[in-house]
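Asks: Attaching a single structure in structure tokens format; questions to follow.
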Amino acid sequence: MHENREFSDTNKQVQVYYDQSDTHNFYQKVSGGEHVHIGLFQHPNEDLEVAKKRTTEYMTSLLNIDDKCRILDLGAGYGGTARYLAKTYSSRVSCLNISKMQNAINLQRNQEQELTSFIDVQEGTFEQLPYSNSSFDVIWSQDAIYHSTTPEKVFQECSRVLGDEGELIFSVVMLDDSISTENQQKLTQYYSLNLQYLQTYRHLAEEMNFCESKIVDFSENIQINYSRLLEKMEVLQAENNQLWSLDFYTKMKQRLLDWVDAGEKGLIHWKILHFQK
Ligand SMILES: C[S@@+](CC[C@H](N)C(=O)[O-])C[C@H]1O[C@@H](n2cnc3c(N)ncnc32)[C@H](O)[C@@H]1O
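Numbering (my numbering), first residue to last: 1 to 277.
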């Protein structure tokens, strides 16, 4: 695993957040452990893991993935998607992630599942990709790009490392045009999030000469996803209040409540964006 140490202050804050044991316990015990992104639910009581897997399956359905495909996953989390892509399509997947803890678990799971010849894991930031030009056919990202304060750098880097006709696909939570500054601050205050408007992503893609293939709105899943996480966290907290610090629990509970509320009011959206070079 190579390391890229030129991190901005925001990058460092995000790394600290994802590398703390409270966050890790939350993602392992509440969010399913493999996938941290929002699920595509067929009904509100559906199993979280099934819904999260459906998000990945839906995104792959928009692409032509095969065993020759070189895929880069930006903000790859614990590597659940990389293992899915390697097992389903025998694709080569590079996982780029700023979190040391998640990378270590990703590597361990790849070894246990004998997938290390398909998947590599690198610590780094998506604003400064540690890969050479035209290295990939597909760049993929699930609910991660909203951490960047400089999305224009992310798009520049994606354009650089994608080969001719390469595809960029990502899911992301974004702001509704009507959102007030107060609500915007409320939604982003705890975890170094930098939510953008759809127009920003469209503009950045256009500047990099990407063509828009498809933008799909799945916003109704925000409220379901975050309500389900909240419910599960509350049950676990009642059983054992030592799983995370009280400070983490209190802030995370408020964040989940805020996101459910914002989802219900239409102040944020969750979309899948697909572009082609
Ligand atoms: C909400 S999690 C999503 C993880 C994964 N995509 C998934 O769906 O399970 C966001 C991920 O982005 C990573 N991340 C945040 N900022 C990053 C950056 N600047 N460069 C690389 N990874 C970053 C975090 O470490 C975390 O793994």
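Each residue gets a CB set at the ideal place from its N, CA and C atoms; glycine is no exception.
Using the C-alpha atoms, what's the distance from Asp247 back to Ser21?
Replies: Here the question's residue 21 lines up with position 21 in the sequence shown. Here the question's residue 247 lines up with position 247 in the sequence shown. The straight-line gap from Cα to Cα measures roughly 13 Å.
Asks: Considering only residues of the same chain and omitting the five flanking positions on each side of Leu204, which have a CB-CB separation below 7 Å?
Replies: Your numbering for residue 204 matches position 204 in the sequence shown. Same-chain partners within the cutoff: Pro151, Glu152, Phe155.
Asks: I need the straight-line Cα distance from Asp261 to Trp270, nearest angstrom please.
Replies: Looking up residue 261 in the sequence shown gives position 261. Looking up residue 270 in the sequence shown gives position 270. Using only the alpha carbons, I get a separation of about 14 Å.
Asks: Per DSSP, which one or two residues make a beta bridge with Thr125?
Replies: Position 125 of the sequence shown, counted from the first residue, corresponds to residue 125. According to DSSP, Thr125 bridges with Gln128.
Asks: Over what stretch of residues does the alpha helix (DSSP H) that includes Phe248 continue unbroken?
Replies: Reading the sequence shown from its first residue, position 248 is the one you call residue 248. From DSSP, the alpha helix (DSSP H) with Phe248 extends over 246 to 265.
Asks: Taking 7 Å as the line, does the beta carbon of Ala76 fall inside it for any heavy atom of ligand 1?
Replies: Translated into the one-based positions of the sequence shown, residue 76 becomes position 76. Yes, since a heavy atom of ligand 1 falls inside the 7 Å radius drawn around the Cβ of Ala76.
Asks: Can the beta-carbon of Ile119 be found less than 8 Å from the beta-carbon of Val138?
Replies: If you number the sequence shown from 1, residue 119 lands on position 119. If you number the sequence shown from 1, residue 138 lands on position 138. Not a contact, by the Cβ cut-off of 8 Å.
Asks: Residue range of the alpha helix (DSSP H) that Lys87 falls in?
Replies: Taking the first residue of the sequence shown as position 1, residue 87 is located at position 87. 80 to 89 is the extent of the alpha helix (DSSP H) around Lys87.
Asks: Under three-state DSSP, which class holds Ser159?
Replies: As a first step, residue 159 must be located in the sequence shown, where it is residue number 159. Residue state, collapsed to three classes: helix.
Asks: How close, in whole Å, do the beta carbons of Phe136 and Arg70 come, if the pair is a contact with beta carbons under 8 Å?
Replies: In the sequence shown, counting from the first residue as 1, residue 136 sits at position 136. In the sequence shown, counting from the first residue as 1, residue 70 sits at position 70. Rounded, the Cβ-Cβ distance is 5 Å, consistent with contact.
Asks: Would you identify the three-state DSSP class for Asn45, choosing helix, strand or coil?
Replies: By one-based count along the sequence shown, residue 45 stands at place 45. It is coil, neither helix nor strand.
Asks: Would you please state the rounded distance, in angstroms, between the beta carbons of Gly79 and Asn110? I believe it to be under 8 Å.
Replies: Here residue 79 refers to the residue found at position 79 of the sequence shown. Here residue 110 refers to the residue found at position 110 of the sequence shown. That pair is a contact at about 6 Å.
Asks: For ligand 1, is there any heavy atom lying closer than 7 Å to the beta carbon of Gln28?
Replies: Taking the first residue of the sequence shown as position 1, residue 28 is located at position 28. No, Cβ of Gln28 sits at least 7 Å from all heavy atoms of ligand 1.
Asks: Would you check if the distance between the CB atom of Lys253 and the CB atom of Leu230 is smaller than 8 Å?
Replies: Here the question's residue 253 lines up with position 253 in the sequence shown. Here the question's residue 230 lines up with position 230 in the sequence shown. Yes; because the gap between Cβ atoms is below 8 Å, this pair is in contact.
Asks: Between the alpha carbons of Tyr89 and Thr55, how many angstroms are there, rounded?
Replies: Mapped onto the sequence shown, residue 89 falls at position 89. Mapped onto the sequence shown, residue 55 falls at position 55. C-alpha separation (whole angstroms): 16 Å.
Asks: So, for Leu40: in the same chain, excluding its five sequence neighbours on each side, which residues have a beta-carbon less than 7 Å away from its beta-carbon?
Replies: Looking up residue 40 in the sequence shown gives position 40. Contacts found: Ala51, Arg54, Thr55, Tyr58, Phe218, Asn221.
Asks: Is it a yes or a no for the stretch 16 to 30 touching the stretch 227 to 241, going by three-plus beta-carbon pairs under 8 Å?
Replies: Segments in contact, yes.
Asks: Let me make sure I understand the geometry here. Which of Glu165, Glu182, Lys251, Ser180 has the alpha-carbon closest to that of Leu63?
Replies: Position 63 of the sequence shown, counted from the first residue, corresponds to residue 63. Of Glu165, Glu182, Lys251, Ser180, the residue nearest in Cα terms is Glu165.
Asks: Do Ile98 and Gly124 have their C-beta atoms within less than 8 Å of each other?
Replies: The count along the sequence shown starts at 1 and reaches residue 98 at position 98. The count along the sequence shown starts at 1 and reaches residue 124 at position 124. Contact flag set, yes.
Asks: Confirm, please, whether the CB-CB distance from Met101 to Asp176 is below 8 Å.
Replies: For the purposes of this step, residue 176 is identified with residue 176 of the sequence shown, where counting begins at 1. For the purposes of this step, residue 101 is identified with residue 101 of the sequence shown, where counting begins at 1. The answer is no: Cβ separation not under 8 Å.
Asks: Let's test the definition: count the other Cβ atoms within 10 Å of the Cβ of Leu129 and tell me whether it reaches 16, buried, or not, exposed.
Replies: Here residue 129 corresponds to residue number 129 of the sequence shown, with the count starting at 1. Buried, because 16 or more other Cβ atoms sit within 10 Å of the Cβ of Leu129.
Asks: Look at the alpha carbon of Gln122 and the alpha carbon of Ser213, and state the distance between them as a whole number of angstroms.
Replies: Indexing the sequence shown from 1 puts residue 122 at position 122. Indexing the sequence shown from 1 puts residue 213 at position 213. Gln122 and Ser213: Cα-Cα distance of roughly 29 Å.
Asks: Since Gln142 is in the beta strand (DSSP E), which residue starts that stretch and which ends it?
Replies: Here residue 142 refers to the residue found at position 142 of the sequence shown. It spans 136 to 142 - the beta strand (DSSP E) in which Gln142 sits, taken as one unbroken run.
Asks: Report buried or exposed for Ala238, applying the criterion of at least 16 other Cβ atoms within 10 angstroms of its Cβ.
Replies: Working through the sequence shown from its first residue, we reach residue 238 at position 238. Label assigned to Ala238: exposed.
Asks: Less than 8 Å between the CB atoms is what I'm expecting for Gln199 and Glu264, so what's the real figure, rounded?
Replies: As a position in the sequence shown, residue 199 is number 199, starting the count at 1. As a position in the sequence shown, residue 264 is number 264, starting the count at 1. Their Cβ separation, rounded to whole angstroms, is 23 Å, which puts Gln199 and Glu264 out of contact at 8 Å.
Asks: Would you report the Cα separation of Leu195 and Leu243, rounded to the nearest angstrom?
Replies: Position 195 of the sequence shown, counted from the start, is the residue given in the question as residue 195. Position 243 of the sequence shown, counted from the start, is the residue given in the question as residue 243. The straight-line gap from Cα to Cα measures roughly 29 Å.
Asks: Could you check what DSSP says for Met1 in three-state terms: helix, strand or coil?
Replies: Within the sequence shown, residue 1 is the residue found at index 1, counting from 1. In this prediction, Met1 has a pLDDT of 45, which is less than 50 and means its spatial position is unreliable; what the coordinates show is noted afterwards. The answer is coil: DSSP assigns Met1 none of H, G, I, E or B.
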